[in-house]
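Notes follow once the structure below has been shown.
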Amino acid sequence: FTMWKLCLDIARQHPIFGNGYMSFREAWPKYAASHGFGYSKFQDPHNVYMLMLTDGGIIMIGSGLLFVGSIIYYAISAIRSNLPRGARTLLLSFLAGLCMVPVNDFIDDAMSSRCIQAMAAVLCGMACGMCRKCRVEKG
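With the first letter of the sequence shown counted as 1, position 3 gets the number 99 in our numbering; the numbers rise by one all the way through.
Structural data, given as structure tokens:
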């Protein structure tokens, strides 16, 4: 958790808007020695949430969590509705795949991979489409 403490120290400099996009590697050397890391060049903290906090502050992490939370909320609402069993199962599998990304982001920086970003975008789009279809058919 030392890396997370370091990230919080970096984020305290500019808590609302962060230090700027891709600023972690410039801020790293200033804080590394005080946290016992010595000299090394880290590209990122290997935690997407801490990276969002250091680079974009509360605004970025808040909007990201709001986006993911709204997708999960609408998907759960659609699952509880009167969808056919196959559609409900498919939506549940999309939701499980979508939840894999935020959970993985605590320990890895997988969202920096274009393939993972594309997969997450496709899952979000499919889940949104199914939720919208559910709401249109329902009301």
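A virtual CB, placed ideally from N, CA and C, is assigned to each residue, including glycine.
Out of the options, which one is the CA nearest neighbour of residue i?
i, options, result
"residue 217", "146, 180, 155, 163", "163"
"residue 196", "175, 220, 112, 176", "220"
"residue 125", "102, 184, 179", "102"
"residue 167", "215, 185, 225, 178", "225"
"residue 132", "100, 158, 178", "100"
"residue 145", "214, 104, 170, 215", "104"
"residue 111", "98, 121, 158, 171", "158"
"residue 165", "97, 98, 180, 198", "198"
"residue 109", "153, 184, 178, 215", "153"
"residue 169", "117, 187, 180, 183", "187"
Rounded to a whole number of angstroms, what is the C-alpha to C-alpha distance between residue i and residue j?
i, j, result
"residue 142", "residue 189", "26 Å"
"residue 130", "residue 156", "26 Å"
"residue 176", "residue 193", "18 Å"
"residue 185", "residue 222", "13 Å"
"residue 98", "residue 121", "16 Å"
"residue 178", "residue 117", "43 Å"
If you check the beta carbons only, do residue i and residue j fall under 7 Å apart?
i, j, result
"residue 115", "residue 123", "yes"
"residue 119", "residue 140", "no"
"residue 191", "residue 174", "no"
"residue 107", "residue 149", "yes"
In the structure shown, what three-state DSSP assignment does residue i receive?
i, result
"residue 120", "helix"
"residue 142", "coil"
"residue 132", "coil"
"residue 125", "helix"
"residue 114", "coil"
"residue 190", "helix"
"residue 179", "coil"
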